[in-house]
Amino acid sequence: MAEILIKNVAKRFGTYQALQDINLTISDQEFMVLLGASGCGKSTLLRIIAGLETATEGEVWIGGRRIDHLAPKDRGISMVFQNYAVFPHLTVFENIGFGLRMQKLPQADVERRVARTAELMQIGELLKRYSGELSGGQRQRVAVARALAMEPDVILMDEPLSNLDALLRLEMRAELKGVLAESSTTAIYVTHDQVEAMSLADRISVMHEGRIAQAATPVEVYRNPAERFIASFIGNPPMNFIDATPAGDGKWTVAGQVFDGPATEKGKLEFAIRPEDVRGAEQGLSLNVRVVEPLGAHLLVTGAVDGHLFRAVLDSDLVVNRGDVLTLAPLPDRVRWFDPDTTLAVN
Amino acid sequence: MSDVAAQTPRDTRSAGRFLYVAGVVFLVAWVLVPLYFLLINTLSSPDAVNSFPKSFIPEFDMGSLQFFAGFEGMLGALWNSAVVAAITMVISITISAPAGYALSRFHFPGKYLFRLLILLTRAFPLPLLALPLAVMFIRTGLDDTVFGLALVHTTLAIPFAVLITYSLFSGIPMELEEAAWTLGCTRVTAFTKVILPLILPGIAASAIFAFVISWNEVFAAAVLTIENRTLTAFLLQNLDTSPLHLKFAGGFILVVPALIFIFAVRKYLFAMWGIANR
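Here the protein sequences line up with chains U and E, keeping their order.
Here the numbering used here runs 4 ahead of the position in the first sequence, where the first position is 1.
Here the numbering used here runs 1 ahead of the position in the second sequence, where the first position is 1.
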């Protein structure tokens, strides 16, 4: 059992508040992705869990044991680094077996476990090579194999795929997911790539300015973003926002149209809808088309609704030209509302 | 027109290539020609040394070298030089490598001042320091000892050794060390199992540098030793008034051991990891 508990963790570098008020529970064998733009503190949090950085405040527990005062080697973790960190003076075999040798395992056990993980990562024929003789993808495999061979309680990954080219990244992503699902370790994975986060995660923690903005399943983060920031960060293209004014009785006026919304005393809300959640209709929001981008499967239409930037993903069979005015009806159950003062979602 | 366009870059390239080769030849000659004359003159009879023009083929007259082999105190001085250089090498690396590591890996107040101060130690000319040093050495009983001289040479070698090791450690990604920590290493074992093997060629290079600094140093050696002279000090003292052919032979004896040493450890100078592996 390797449940991870992060309690009230904060980190300051001098006067700079890198992390504040981090509280997170990661269940045993869960695949947790820390997602955020660069500088949001996601790597710092991972390094605090690994023990490469010390938290200014707070506690970290793994499997019912408080570990924030322990050295990295005593935490039952292993880590995969962005630039692979494969030891250049050792062969692939010795790299994968490095941690096992440090544990003073008998030679036979080392050989067996290295062979097994190398097999798993499909680098069985590279064992005698040095890292200088490997491609980036192969080095990444060695780095993952080295971490897996330790059979850790928790595997930590810091943007492990971001140095690979796009095609290889896609391939490794699927493979990583399969391998980790089989290994039954708890995984924490740091990335700035939302597609990577979506495809890998059991749960995503979206981080923003040193705090966790939302920790939920990928679908939940996508469908019900807790903050306006998340709605504008997740999704490609992201959500559309239009100012809404109250029309009484839980009704809101959006670009001249009246929609059912939350019953709140607020004098102003923001109406939000995903670009793919609108349909052509008789009645609805009128979109002045400025740019039409055929993407094959879809048609990406960019324009303005009531002076607000608005994107719509439409069926590619539609004929839309620059300057057209489209009438689009949002799917009622996909409409979300945000409070412009707090930027939080309003239900 | 197209002919001209096609040929101009090739001409530029071959001109550049010519300059490159000429530069290399010039630099190699800069080092080798004096060494070659040293060799010829050492292996020539006294008459040939003083005559002109010079022959380019040595006579293999061992007279001068035989003279030195039998010269009183010569072998002792050679031995002293080797011992002083070896001690200098060991002490300066033992002190400089940790200092270089600390400079590259830790942030501490006064780090940049410290780096500057290290270089400043070379700002004082040795003659200025020689008198107080001699007085202090006599008081502590370190005067005229091999160890005392090695200490002085260590002080001369340390600034370079610290800066070299500092840049070596900085060249090794922090992630390698961190990976070692997460794989069961302490700070110490991560150093011995990962950093040290990677840095060894560089350490060897800076050790050789310390060795050469000590081997070539003459001023402190001449001031601080009387009985236990090193080769440089010994030759300075004895060859000042000697005939030319003996000066050449003395120079030859001074150069050859250093050359042999550097030749023996040359692979550490070039064999940087990654380059050697490819």
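Ideal Cβ placement from N, Cα and C applies to all residues, glycine included.
None of the values given here were measured: they were computed from a predicted structure.
With a beta-carbon spacing of about 15 angstroms, residue 128 (chain U) and residue 114 (chain U) fall beyond the 8 angstroms limit used to define contacts. Around the Cβ of residue 263 (chain E), a 10 Å sphere holds fewer than 16 other Cβ atoms; the residue is exposed. For the segment 171-187 of chain E, the beta-carbon criterion of a distance under 8 angstroms to any beta-carbon of chain U is satisfied by 174, 176, 177, 179, 180, 181, 182, 183, 184, 185, 186 and 187. For residue 141 (chain U), the closest Cβ of chain E is not nearer than 8 angstroms. With fewer than 16 other Cβ atoms from the protein chains shown falling within 10 Å of its own Cβ, residue 51 (chain E) counts as exposed. Proximity of chain E to residue 91 (chain U) at the Cβ level (cut-off 9 angstroms) is accounted for by 177, 180, 181, 194, 195, 198 and 199, in chain order. Look at residue 103 (chain U): its C-beta is under 8 angstroms from a C-beta on chain E. For residue 307 (chain U), the beta-bridge partners assigned by DSSP are U:293 and U:314. For residue 144 (chain U), the secondary structure class from DSSP, reduced to helix, strand or coil, is helix. The residues 157, 220 and 221, in chain order, have a CB closer than 8 angstroms to that of residue 127 (chain E) in the same chain once the five nearest residues on each side in sequence are set aside.
Between residue 57 (chain U) and residue 334 (chain U), the alpha-carbon positions lie close to 47 angstroms from each other. For residue 236 (chain U), the nearest beta carbon of chain E is not closer than 8 angstroms to its own beta carbon. Put simply, the segment 235-255 of chain U touches the segment 273-280 of chain U. At least three CB pairs are less than 8 angstroms apart. For the segment 105-136 of chain U, the beta-carbon criterion of a distance under 7 angstroms to any beta-carbon of chain E is satisfied by 106, 107, 134 and 136. A Cβ-Cβ distance of about 6 angstroms is found for the pair residue 217 (chain U) and residue 230 (chain U), placing them in contact under the 8 angstroms criterion.
When secondary structure is reduced to three states using DSSP, residue 29 (chain U) falls in the strand class. For residue 114 (chain U), no beta strand (DSSP E) run applies; the uninterrupted alpha helix (DSSP H) run containing it begins and ends at 111-124, by DSSP.
With a beta-carbon spacing of about 15 angstroms, residue 235 (chain E) and residue 71 (chain E) fall beyond the 8 angstroms limit used to define contacts.
54, 55 and 56: these are the residues of the segment 46-57 of chain U whose beta carbon lies less than 8 angstroms from some beta carbon of chain E, given in chain order.
Within its own chain, the residues whose Cβ lies closer than 7 angstroms to the Cβ of residue 297 (chain U), once the five positions on either side in sequence are excluded, are 304, listed in chain order.
Between residue 273 (chain U) and residue 337 (chain U), the C-beta spacing is not below 8 angstroms.
By the criterion of a C-beta distance shorter than 6 angstroms, residue 162 (chain E) is surrounded in its chain by 93, 97, 207 and 211, once the five residues flanking it on both sides are discounted. Counting other Cβ atoms within 10 Å of its Cβ, residue 208 (chain U) reaches 16 or more and is therefore classed as buried. For residue 85 (chain U), the chain E residues whose C-beta falls within less than 8 angstroms of its own C-beta are 176, 179 and 180, listed in chain order. Runs of the alpha helix (DSSP H) lying entirely within the segment 201-267 of chain E and spanning at least 4 residues, in chain order: 220-225, 232-240 and 245-265.
Counted as a single uninterrupted DSSP element, the alpha helix (DSSP H) harbouring residue 140 (chain E) occupies residues 127-141.
Per DSSP, the unbroken beta strand (DSSP E) holding residue 12 (chain U) starts and ends at 8-17. Against chain E, the CB of residue 36 (chain U) has no partner CB under 8 angstroms away; the residue lies outside that interface.
Under a 10 Å Cβ-count criterion, residue 154 (chain E) is classified as buried, with 16 or more other Cβ atoms of the shown protein chains found around its own Cβ. Look at residue 154 (chain U): its C-beta is under 8 angstroms from a C-beta on chain E.
Contact between the segment 29-46 of chain U and the segment 166-178 of chain E is absent: fewer than 3 CB-CB pairs across the two stretches fall below 8 angstroms.
Pairing residue 36 (chain U) with residue 159 (chain U), the inter-Cα distance amounts to about 10 angstroms.
DSSP lists no beta-bridge partner residue for residue 11 (chain E). Between residue 291 (chain U) and residue 263 (chain U), the C-beta spacing is not below 8 angstroms. Exposure of residue 35 (chain E) is indicated by the presence of fewer than 16 other C-beta atoms within 10 angstroms of its C-beta. Using beta-carbon distances, residue 15 (chain U) does not count as an interface residue toward chain E, since no partner is under 8 angstroms.
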